[in-house]
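First comes the structure, then the notes that go with it.
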Amino acid sequence: MEQYAIKGGNPLVGDVEIAGAKNAALPIFAAAAMTDETVYIDNIPDVRDIDVMLDAMRSIGVVVKRISRHRVMINGGNIHNVTVESDGCKKIRGSYYFLGAFLGKYKGAEVVLPGGCDIGSRGIDQHLKGFRALGAEVIIEHGLVKARTKCLRGSHIYMDKVSVGATINVMLAATLAEGMTIIENCAKEPHVVDVASFLNSCGANIKGAGTDVIRIRGVARLHGTDYTIIPDQIEAGTFMFAAAVTKGDVTVKNVIPKHLESITAKLLEIGCEVEEADDCIRVVATKAPMHTQVRTLPYPGFPTDMQPQITVALALAGGTSIVTESIFENRFRYVDELVRMGADIKVEGGDTAIITGVEKYTGASISVPDLRGGAALVIAALAAEGFSVVDDIKYIERGYEDFPSKLQGLGAQIEVAETDKDVQKFKLKVG
15 MEQYAIKGGN PLVGDVEIAG AKNAALPIFA AAAMTDETVY IDNIPDVRDI
65 DVMLDAMRSI GVVVKRISRH RVMINGGNIH NVTVESDGCK KIRGSYYFLG
115 AFLGKYKGAE VVLPGGCDIG SRGIDQHLKG FRALGAEVII EHGLVKARTK
165 CLRGSHIYMD KVSVGATINV MLAATLAEGM TIIENCAKEP HVVDVASFLN
215 SCGANIKGAG TDVIRIRGVA RLHGTDYTII PDQIEAGTFM FAAAVTKGDV
265 TVKNVIPKHL ESITAKLLEI GCEVEEADDC IRVVATKAPM HTQVRTLPYP
315 GFPTDMQPQI TVALALAGGT SIVTESIFEN RFRYVDELVR MGADIKVEGG
365 DTAIITGVEK YTGASISVPD LRGGAALVIA ALAAEGFSVV DDIKYIERGY
415 EDFPSKLQGL GAQIEVAETD KDVQKFKLKV G
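Okay, structure coming up:
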């Protein structure tokens, strides 16, 4: 089983290029299958979730060609099956976007109940509510979500809670429904806007993405396009906090600074220097972080996907910090591993972490519980005194492209090790 061998203690210094946003790419792939014409998508990240999604599309007749590592051609003109139930799709959340896409295009779809990281309950009730409002009959049986209708008609839909997945899924279906659909209390995340922009480039009529009211006037069909996906704000934020935790100086390139404002604000609050340019951000940390309070919120609030990373920083801050998780109830599973490294964190009620800062982390053998928690634990190991071994790195590879090599480019001592013997070789090499 692959693992990371890490020797901590080096500040991260240099430039790092940020990949395309996984959370935009997955629904955009589903949307690309809604037209019978050829679509080209650029700036796709080379991560495991992307491969799973594209393989699922191939299995139902979508023509998929990887033109290069970060560019793909998709043609959905010969889809022979609207049942998506591959084993891979059980493991990623993005598979549920086929429901909205095929409900819009074919008036029916059957998709395996999605998986993803175990960070708490992520029900699909708002997705189903939206589909039913558009006139679909939706049932769950034999592990599949089944949706069908004779005619999709526009509707006025109020989301009971802000949901990125439901906003995108209903938007996909409504794009090819008859008449006007209005979605209220919808998610405003950058990848919601990116999916709407992609659909509009294919001939959709969507207005208001990025606000809490989206208006969609259905069109009869979509056409081909050539589209570039936005940069990944969470990958960018992860490297920004890596600079803060290791007392480094890192410039993240290929970013949209506007998407990172809540992350930048917290970095400034804990004492980092932050410089912004048109498409890059530099983070400099010369001292230990200062304590603060954080509450995760839907965009433009502080992202739940950045909660583990800021917790790793605050566990090294003087004084007491409080981190409150308001999105997912099982997002502190990484804390037990962080405590192995010397952190003083108590989780109360499942949604609040009381953090008493310590002077340093020490190396340990730790296991990755999920994607973002895993990335945060790697950052902690890079700041720790001594050696660490990080297991279950498959979770990290789901969402971070070339994570160890990008860290190496910033001066980190990290290698992928397949066996204990490889770990010992690493220790002898780096001393």
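Residues in the sequence shown are numbered from 15 upward in steps of one, following my numbering.
We treat Cβ as the ideally placed atom computed from N, Cα and C, and that holds for glycine.
As the structure is a computational prediction, the values presented were derived from the model and not from experiment.
Open item on the list: Using a 10 Å radius around the Cβ and a threshold of 16 neighbouring Cβ atoms, would you call R386 buried or exposed?
Closed with: Stepping through the sequence shown from its first residue, residue 386 is reached at position 372. By the neighbour-count rule (16 or more Cβ atoms within 10 Å), R386 is buried.
TODO: Check whether the region 97-112 touches the region 170-186, taking contact to mean three or more Cβ pairs, one atom from each stretch, closer than 8 Å.
DONE: Contact between the region 97-112 and the region 170-186 is present, because at least three Cβ pairs lie under 8 Å.
TODO: Would you mind working out which of G356, A389 and G364 sits nearest G377, comparing C-alpha positions?
DONE: Taking the first residue of the sequence shown as 1, we reach residue 377 at position 363. The option with the nearest alpha carbon to G377 is G356.
Task: Which of helix, strand or coil DSSP assigns to A115 - done: What you label residue 115 is simply residue 101 of the sequence shown in a count that begins at 1. It is helical.
- [ ] Using 10 angstroms around the beta-carbon of D434, count the other beta-carbons present and answer buried if the total reaches 16, otherwise exposed.
- [x] The residue you call residue 434 lines up with position 420 of the sequence shown. Exposed, by the Cβ-count rule.
- [ ] From the DSSP output, in three-state form, read off H141 for me.
- [x] By one-based count along the sequence shown, residue 141 stands at place 127. Correct three-state label for H141: helix.
TODO: State the DSSP-derived secondary structure class of Y120, mapped to helix, strand or coil.
DONE: Residue 120 sits at position 106 when you count from the first residue of the sequence shown. In this structure, Y120 counts as helix in the three-state DSSP scheme.
- [ ] At 3 residues or longer, and completely inside the region 37-112: list those beta strand (DSSP E) runs for me, N to C.
- [x] Secondary structure in the region 37-112: the beta strand (DSSP E) runs of 3 residues or longer, each lying completely within the stretch, are 52-56, 77-82 and 85-89 in chain order.
TODO: Using the Cα positions of I81 and Q307, report the straight-line distance between them to the nearest angstrom.
DONE: Counting from one through the sequence shown, the residue named residue 81 turns up at place 67. Counting from one through the sequence shown, the residue named residue 307 turns up at place 293. Near 45 Å, if we compare the C-alpha coordinates of Q307 and I81.
Open item on the list: Here's a check: name, in chain order, each residue in its chain whose Cβ is nearer than 7 Å to the Cβ of A38, leaving out the five neighbours to either side.
Closed with: Within the sequence shown, numbered from 1, the residue matching residue 38 stands at position 24. Closer than 7 Å at the Cβ level, and outside the excluded window around A38, lie H205, D208, V209, I243 and I244.
- [ ] Would you mind working out which of A45, G122, N89 and L142 sits nearest T97, comparing C-alpha positions?
- [x] Start at 1 with the first residue of the sequence shown, and residue 97 comes out as number 83. For T97, the nearest C-alpha among the options comes from G122.
Open item on the list: Here's the rule: buried if 16 or more other CB atoms are within 10 angstroms of the residue's CB, otherwise exposed. What is M320?
Closed with: For the purposes of this step, residue 320 is taken as residue 306 along the sequence shown, with counting starting at 1. That one is buried.
Open item on the list: Could you check whether S381 and I20 sit closer than 7 Å to each other, using their CB atoms as the reference points?
Closed with: As a first step, residue 20 is located in the sequence shown; it is residue number 6 there, counting from the start. As a first step, residue 381 is located in the sequence shown; it is residue number 367 there, counting from the start. The beta carbons of I20 and S381 sit no closer together than 7 Å.
- [ ] Tell me whether V297 sits in a helix, a strand or coil according to DSSP, three-state version.
- [x] Counting from 1 along the sequence shown, the entry for residue 297 is found at position 283. Three-state result, V297: strand.
Open item on the list: Does the region 424-441 come into contact with the region 289-306, if we say contact requires no fewer than three beta-carbon pairs (one atom in each stretch) closer than 8 Å?
Closed with: Taking 8 Å as the limit for Cβ pairs, the verdict is that the region 289-306 does not touch the region 424-441.
- [ ] Kindly indicate which three-state DSSP category M9 falls into: helix, strand or coil?
- [x] Nothing about residue 9 can be read from this structure; the chain reaches only from 15 to 445.
Task: Where the beta strand (DSSP E) through T325 begins and ends - done: Taking the sequence shown and counting its residues from 1, one reaches residue 325 at position 311. Run containing T325: none in the beta strand (DSSP E); it sits in the alpha helix (DSSP H), Q321 to L328.
TODO: Name, in chain order, the residues that DSSP records as bridge partners for M304.
DONE: As a position in the sequence shown, residue 304 is number 290, starting the count at 1. For M304, which the question treats as bridged, DSSP gives the partners G332.
- [ ] Could you tell me how far apart the beta carbons of I341 and T318 are, in whole angstroms, since I believe they sit closer than 8 Å?
- [x] For this step, residue 341 is matched to residue 327 along the sequence shown. For this step, residue 318 is matched to residue 304 along the sequence shown. Going by Cβ atoms, the distance from I341 to T318 rounds to 4 Å, so yes, they are a contact pair.
- [ ] Check whether the region 193-204 touches the region 222-231, taking contact to mean three or more Cβ pairs, one atom from each stretch, closer than 8 Å.
- [x] Between the region 193-204 and the region 222-231 there are three or more inter-stretch CB-CB distances shorter than 8 Å, so the stretches are counted as touching.
Open item on the list: Excluding the 5 residues flanking P383 on each side, which residues of the same chain have their C-beta closer than 6 Å to its C-beta?
Closed with: Residue numbering aside, residue 383 sits at position 369 when the sequence shown is read from its first letter. Hits under 6 Å: R347 and Y348.
Open item on the list: Per DSSP, what are the beta-bridge partners of H170 in this structure?
Closed with: Reading the sequence shown from its first residue, position 156 is the one you call residue 170. I196.
Open item on the list: DSSP has L158 in a bridge; who is on the other side?
Closed with: Numbered from its first residue, the sequence shown carries residue 158 at position 144. Within the DSSP bridge table, the entry for L158 names V126 and E155 as partners.
Task: C-beta atoms of A425 and L26 nearer than 7 Å - done: Translated into positions along the sequence shown, residue 425 becomes position 411. Translated into positions along the sequence shown, residue 26 becomes position 12. First, the amino acid is wrong: residue 425 is Gly here, not Ala. Annotated as proximal: G425 and L26, with beta-carbon spacing under 7 Å.
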